[in-house]
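S.K.: Below: one structure in structure tokens.
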Amino acid sequence: MDSHLFFMPFIGGLCIGLAGVMYLLFCGRVFGISGIFAGILLPKQKDTSWRIAALLGLLAAGALLLFLRPSSFPQEAENYSIFRYILAGLLVGFGSQMGNGCTSGHSVCGISRCSPRSILATCIFIFAGIVAVALMKKMGIAL
Amino acid sequence: MIVLFISFFAACLFGIGIGIGGMTLPSKVISFLDVFGSWDLSLLFVMIGAISVYSCFYFLIIKKLKKPLLAPQFQVTTQRRIDLKLMIGAALFGVGWGIGGLCPGPAIVSLVTFQAPVLIFLISMTAGVYLYNILISRLLSAGQQPPKR
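Sequence lines, in order, name chains A and B.
Heads up: the first sequence begins at 5 in our numbering, then just goes up one per residue.
Heads up: the second sequence begins at 201 in our numbering, then just goes up one per residue.
Below, the structure written as structure tokens:
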């Protein structure tokens, strides 16, 4: 196994962890992206300004990556199933609201704080994902 | 004001981490979940890297603080109950994650590419968020109907 296969992912993880720490240490919040996003769509308190700043930060990261490390993104797909991405998006949007979080909130920030809810949520994310991928393969859907 | 800057900068760092880590490549995510096939463990190392840093800082420093450095109080959920809502929500999320290979963070970071799958995913994700909240408010108002005389 190539060690470089794990080195960049690990560095990426360090960045994610550090960013999450900054959020909690300075702003007192958990960096849960699904929550940040939903809070902009459905503002409950007058706290959209930091959420928008966060969203812009993510977009800025995307721009930086696009120029400096375009291999971070896939090549433009010629054939793709629209239905697949509609279904994926609906499930992720709905599920993250119902489960109070996504991989950034639960899997990074939650597990690090030893939250039983987040540990369980992450296990379920991964298990459900494994089942979904296995089923797609069985159905002959190209992954 | 400085909180907004930190929010922006931290989110930018987070996004860079997502990109470097490979989470913006749906194929990598799906390979991570493809345990019976071409299993790619790289994403596990993203998690290991992230959790190592976060948990160290959390337990060594943050947990001991009475308040965050630039905000009046911590706003972290105190919910600890494990319920069906959490589990079903996580399962739905996981299935969606497996189908598309995308989750909210990577999708937003990838928006700049304007690739169709990402755009479709983001629009649908928005719809999913609204759908859940509409459902919840319908269920809540249904539960508050006056009792029959």
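Ideal placement from N, C-alpha and C gives every residue a C-beta, glycine not left out.
1. If we call anything under 8 Å between Cβ atoms a contact, is B/G301 one with B/S238?
2. Measure the C-alpha to C-alpha separation of A/R33 and B/P268 and round it to an integer number of angstroms.
3. Starting from the Cα of A/P78, find the closest Cα among B/Y254, B/Q315, B/L286 and give me that residue.
4. Using three-state DSSP, classify A/F30 as helix, strand or coil.
5. Using 8 Å as the cut-off, can you tell me whether the region 15–25 of chain A makes contact with the region 208–222 of chain B, which would need three or more C-beta pairs spanning the two stretches below that distance?
6. Touching or not, the region 276–294 of chain B and the region 125–140 of chain A, by the rule of three or more beta carbon pairs under 8 Å?
7. Name the chain B residues whose beta carbon is nearer than 9 Å to that of A/M140?
8. With DSSP as the reference, identify every bridge partner of B/Q275, one or two as the case may be.
9. Kindly list the residues whose CB is nearer than 7 Å to the CB of A/M5, restricted to its own chain and excluding five residues on each side of it in sequence; keep chain order.
10. Please state whether DSSP places B/S238 in a helix, a strand or coil.
11. Measuring alpha carbon to alpha carbon, tell me which residue in A/I128, A/G105, A/F98 is nearest B/T277.
12. Below 7 Å between beta carbons is the criterion; list the residues of the region 102–119 of chain A that meet it against any residue of chain B, in chain order.
13. For the region 66–90 of chain A, which residues have a CB atom closer than 7 Å to at least one CB atom of chain B, in sequence order?
14. Name the residue from B/D283, B/F236, B/I248 whose alpha carbon lies nearest to the alpha carbon of A/R121.
15. If distances are taken between C-alpha atoms only, which option among B/Y332, B/R338, B/P304 comes closest to B/I320?
16. Taking 8 Å as the CB-CB cut-off, is A/G99 touching chain B?
17. So, with DSSP's three-state summary, where would you put A/Y84?
18. State the Cα-Cα distance for the pair A/L29 and A/Q49, rounded to the nearest angstrom.
19. Any idea what DSSP makes of B/N333, helix, strand or coil?
M.R.: Taking the geometry as given:
1. In this structure, B/S238 does not lie closer than 8 Å to B/G301 by Cβ.
2. Those two C-alpha atoms are separated by around 9 Å.
3. Ranking B/Y254, B/Q315, B/L286 by CA distance to the CA of A/P78 puts B/Q315 first.
4. DSSP places A/F30 in the helix class (H, G or I) of the three-state scheme.
5. Enough Cβ pairs lie closer than 8 Å, so yes.
6. Touching, yes.
7. Near A/M140 (Cβ distances below 9 Å), the residues of chain B are I230, G298, I299.
8. B/Q275 is bridged to A/R33.
9. At A/M5 the pLDDT is 46, less than 50, meaning the model places this residue with poor confidence and gives no usable figure here.
10. Looking at B/S238 - three-state DSSP - the assignment turns out to be coil, as it is neither helix nor strand.
11. Minimum Cα distance to B/T277 is reached at A/G105.
12. If the cut-off is 7 Å between Cβ atoms, the region 102–119 of chain A has M102, G103, N104, C106, T107, S108, S111, V112, C113, I115, S116, R117 near chain B.
13. When CB distances to chain B are screened at a threshold of 7 Å, the residues of the region 66–90 of chain A falling below it are G66, A67, L68, L69, L70, R73, S76, F77, P78, E80, A81, Y84, I86, R88, Y89, I90, in chain order.
14. Between A/R121 and the set B/D283, B/F236, B/I248, the nearest pair of CA atoms involves B/D283.
15. Checking every option, the nearest Cα to that of B/I320 belongs to B/P304.
16. Taking Cβ atoms only, chain B reaches closer than 8 Å to A/G99, which makes this a yes.
17. Taken through DSSP and simplified to helix, strand or coil, A/Y84 comes out as coil.
18. C-alpha separation (whole angstroms): 21 Å.
19. Here B/N333 sits in helix by DSSP.
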